[in-house]
Amino acid sequence: MTTLRLVLGDQLNASHPWFRQPDDGCVVVMMEIRSETDYVVHHAQKVLAIFAAMRRFAEALQAAGHRVHYLRIGDSENRQGFAANLQWLAAHYQATRFERMEADEWRVERLLDEASARLGLPSTVVDAAHFLCERGELAQAFSERVPRLEYFYRDMRRRHGLLLDDHQKPVGGRWNFDADNRARWPGEPPTPDWPWAPTDVSALWQEIVAAGVRTLGEPGADALAWPLTRSQARAGLQVFIKQALPHFGRFQDAMSTREPLLFHSGLSFALNTKMLHPQEVIDAALEAFEAGAVDIAACEGFVRQILGWREYVRGVYWSRMPDYAQTNALQARRPLPRWYWTGETHMACLRHAIGQSLRLAYAHHIQRLMITGNFALLAGCDPDAVDAWYLGIYIDAFEWVEMPNTRGMSQYADGGLVASKPYAASASYIKRQSDYCKGCRYAATRRHGDDACPFNALYWDFMLRHEADFASNPRMAMPYRAWKRMDEPERTATLEHAHRLLERLDTL
Ligand SMILES: Cc1cc2nc3c(=O)[nH]c(=O)nc-3n(C[C@H](O)[C@H](O)[C@H](O)COP(=O)(O)OP(=O)(O)OC[C@H]3O[C@@H](n4cnc5c(N)ncnc54)[C@H](O)[C@@H]3O)c2cc1C
Ligand code: SF4
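Heads up: the sequence shown at position 173 corresponds to 1215 in the working numbering, and the numbers run straight through without jumps.
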């Protein structure tokens, strides 16, 4: 009587009930397969980090006495797909039962349902024991309509009893300290060093290349600086709490050419692969607050990302898939400019944000939202293409979290389910929040003319193109009033400039 227990690359949760004690009747199966490397072109570091972390996880399970069957990408018996591998393994072990954890992605859940049906064995799907809101609870909270993040988040704070005083009121007198969190980073205070020492994974890279996996970005195979084990992830959490969290809130929206992380945690890869549990990350932040090491704005700002946004986007995803993947409320159809894959553009902000993403497989939230996302939104790029780019390029990109952020928050393709207004901005926002505009070939203050910043004309063209969609939104009233105050020749020149830009996006 043997049970096969499947563990996916984003299920590296050492505290899962399956692993409390070794069970000779169970074989844990893990596989590096082409169906997972090829459904989109991934960043080389994403493939490397997931495989390297999987291998270390499998070794740790074996060392703890678990039976593990691990299929490497280049193994001859690897059939490169879930169904074919599971059938072969079931025959090999004469398995009588199949068990798996809930997959986080719709696509994978469907593949595993099919694989399980083909196996024809009694099977069970168990919770992955990771999120703070179970799938059933999410289904209830999101069934009729998608709540606004703020109300979902307050409800989560109440349910988990976090940052509340004795009267169940928010500590600090407010639920949200966002308004305090908009400073530009002037170079001070100093940022912490990158939290992880590089690991040499060049042998694994050779296997990936030999298997013919297509990737994008720089592999950094001899210096992969991401956490590959739970203890490395925990060490990164400690660095963040001590050195970055005190400044997290204040500089949350800042961008800099000098620092990729600034005061962000870089923990999304460890969280999304489940090496870290969200509760332990929140607890570490709360402990720092209680010890007086960080103020309420920093602590609340960080807790909101994990307890609020991370759980919330999962609710949007699971309550609205598969239709969500087809949404295109603004009827955006343009391809992404070619320089999204090279970083070779004259626009300094995009050159920097894309260049950094290709180099590190990482950009922080405001770079994703207000630089690369904002440009694609203003230019009217097809959300399918934008989704594929974000899903490929970032080390933390798994569809359940990537898609609502990209289609919803950043591209407004869901018609406002996630964002109450589009995150569209001209150069003045980028200039205020970053040092990108200094030394850019374009002038942030100009709307038209050869050296005018493309964000400006494209912003107004976007606003006018979608006036019927947005003019009645009270949060959008101000820009429409500003447009009406502009004189006619200025308006015409701005829109004509935008149309010329849209014809030559690849050359900007
Ligand atoms: C267009 C776009 C695409 C995105 N794609 C992804 C993605 O594929 N995977 C992903 O994990 N995040 C994604 N995000 C959300 C966010 O940008 C990243 O979680 C964050 O930049 C990761 O870096 P960090 O760990 O340093 O985050 P920090 O700023 O340190 O935040 C701490 C943690 O909070 C969580 N978090 C913060 N913001 C969000 C959010 N909006 N949604 C969900 N969780 C959040 C993450 O787990 C993150 O690790 C995307 C955002 C945008 C605008
Ligand atoms: S001037 Fe425009 S293109 Fe250049 S960095 Fe600033 S916002 Fe970006």
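Ideal Cβ placement from N, Cα and C applies to all residues, glycine included.
So, at 6 angstroms on beta carbons, what are the nonlocal neighbours of residue i in its own chain, with the 5 sequence-adjacent residues on each side left out?
| i | result |
| --- | --- |
| THR1564 | Summary: the structure shown does not reach residue 1564, with the chain confined to residues 1043 through 1550, and so no result is reported for it. |
| ALA1086 | THR1257, GLY1259, PRO1261 |
| SER1476 | MET1297 |
| THR1299 | HIS1394, ASP1477 |
| THR1271 | ARG1098 |
| CYS1482 | ALA1390 |
| GLN1122 | ILE1075, ARG1076 |
| LEU1318 | ALA1275, ALA1312 |
| MET1096 | GLY1051, MET1072 |
Taking the alpha helix (DSSP H) that residue i belongs to, which residues open and close that run?
| i | result |
| --- | --- |
| MET1445 | 1441-1445 |
| GLU1074 | No alpha helix (DSSP H) contains GLU1074, which DSSP labels as neither H nor E. |
| TYR1501 | 1496-1507 |
| VAL1251 | 1244-1252 |
| TYR1478 | Looking at the DSSP string, TYR1478 is not in any alpha helix (DSSP H), and its letter there is neither H nor E. |
| HIS1539 | 1530-1545 |
| GLU1230 | Run containing GLU1230: none; DSSP gives neither H nor E here. |
| HIS1058 | Where HIS1058 is concerned, there is no enclosing alpha helix (DSSP H), given that its DSSP letter is neither H nor E. |
| ASP1325 | 1320-1332 |
| LYS1316 | Element bounds for LYS1316: n/a, residue is neither H nor E. |
| TRP1360 | 1353-1362 |
| PRO1237 | From DSSP, PRO1237 is part of no alpha helix (DSSP H); its letter is neither H nor E. |
| ASP1438 | Element bounds for ASP1438: n/a, residue is neither H nor E. |
| ILE1348 | Per DSSP, ILE1348 belongs to no alpha helix (DSSP H) and is neither H nor E. |
| ASP1197 | 1191-1202 |
Quick one, are the C-beta atoms of residue i and residue j less than 8 angstroms apart?
| i | j | result |
| --- | --- | --- |
| ALA1263 | TRP1247 | yes |
| TRP1442 | GLU1147 | yes |
| PRO1464 | TYR1454 | yes |
| ALA1340 | LEU1287 | yes |
| ARG1109 | VAL1049 | no |
| ASP1438 | ASN1314 | yes |
| ALA1106 | PRO1064 | yes |
| TRP1238 | PRO1269 | yes |
| VAL1255 | ALA1094 | no |
| THR1045 | GLU1141 | yes |
| MET1412 | TYR1471 | yes |
| GLU1151 | THR1233 | no |
| LEU1378 | ALA1418 | yes |
| ALA994 | MET1072 | Lying before the first or after the last residue shown, residue 994 is absent from the chain, which here runs from 1043 to 1550. |
| GLN1053 | MET1143 | yes |
| LEU1161 | ALA1132 | yes |
| ASN1120 | LEU1113 | yes |
| ALA1171 | HIS1058 | yes |
Within 10 angstroms of its Cβ, does residue i collect 16 or more other Cβ (buried), or is it exposed?
| i | result |
| --- | --- |
| VAL1460 | buried |
| GLY1415 | buried |
| VAL1168 | exposed |
| SER1399 | buried |
| ASN1515 | exposed |
| LYS1473 | buried |
| MET1520 | exposed |
| LYS1480 | exposed |
| ARG1449 | buried |
| GLU1186 | exposed |
| GLU1509 | exposed |
| LYS1316 | buried |
| HIS1084 | buried |
Determine the extent of the beta strand (DSSP E) in which residue i is found, giving its start and end residues.
| i | result |
| --- | --- |
| GLU1141 | 1137-1143 |
| THR1044 | 1044-1048 |
| TYR1366 | Taken as a continuous stretch (DSSP letters only), TYR1366 belongs to no beta strand (DSSP E), as it is neither H nor E. |
| HIS1111 | 1110-1113 |
| SER1165 | 1165-1168 |
Enumerate in chain order the residues of its own chain whose CB-to-CB distance from residue i is below 7 angstroms, with the five nearest sequence positions on each side excluded.
| i | result |
| --- | --- |
| CYS1495 | ALA1469, TYR1484, ALA1485, ALA1486, ARG1488 |
| VAL1345 | LEU1204, LEU1205, ILE1324, ALA1327 |
| MET1043 | GLY1067, THR1138 |
| VAL1089 | THR1079, ILE1250, VAL1255, THR1257 |
| ILE1283 | ALA1326, ALA1327, ALA1330 |
Residues in its own chain within less than 8 angstroms of residue i by CB, not counting five upstream and five downstream?
| i | result |
| --- | --- |
| LEU1180 | GLU1353, ARG1356, GLY1357, TRP1360, SER1361 |
| PRO1228 | none |
| VAL1082 | ALA1430, LEU1433, GLY1434 |
| TRP1130 | GLU1119, ARG1121 |
Using a Cβ-Cβ distance under 8 angstroms, would residue i count as near chain C?
| i | result |
| --- | --- |
| ILE1437 | Protein chain content of the structure displayed is limited to a single chain, and chain C is not contained in it. |
Review point. Counting Cβ pairs, one atom from each stretch, are 3 or more of them under 8 angstroms apart for the stretch 1377-1385 and the stretch 1410-1427?
Key: yes
Review point. Would you call the stretch 1341-1354 and the stretch 1390-1401 touching, i.e. three or more CB-CB distances under 8 angstroms?
Key: Contact between the stretch 1341-1354 and the stretch 1390-1401 is absent, because fewer than three Cβ pairs lie under 8 angstroms.
Review point. When the Cβ atoms of the stretch 1280-1294 are set against those of the stretch 1218-1226, are three or more pairs found closer than 8 angstroms?
Key: yes
Review point. Touching or not, the stretch 1396-1404 and the stretch 1296-1308, by the rule of three or more beta carbon pairs under 8 angstroms?
Key: yes
Review point. Ligand 4: which residues have Cβ under 6 angstroms from any of its heavy atoms, chain order?
Key: Looking for ligand 4 in the displayed structure turns up nothing; the ligands present are ligand 1 and ligand 2.
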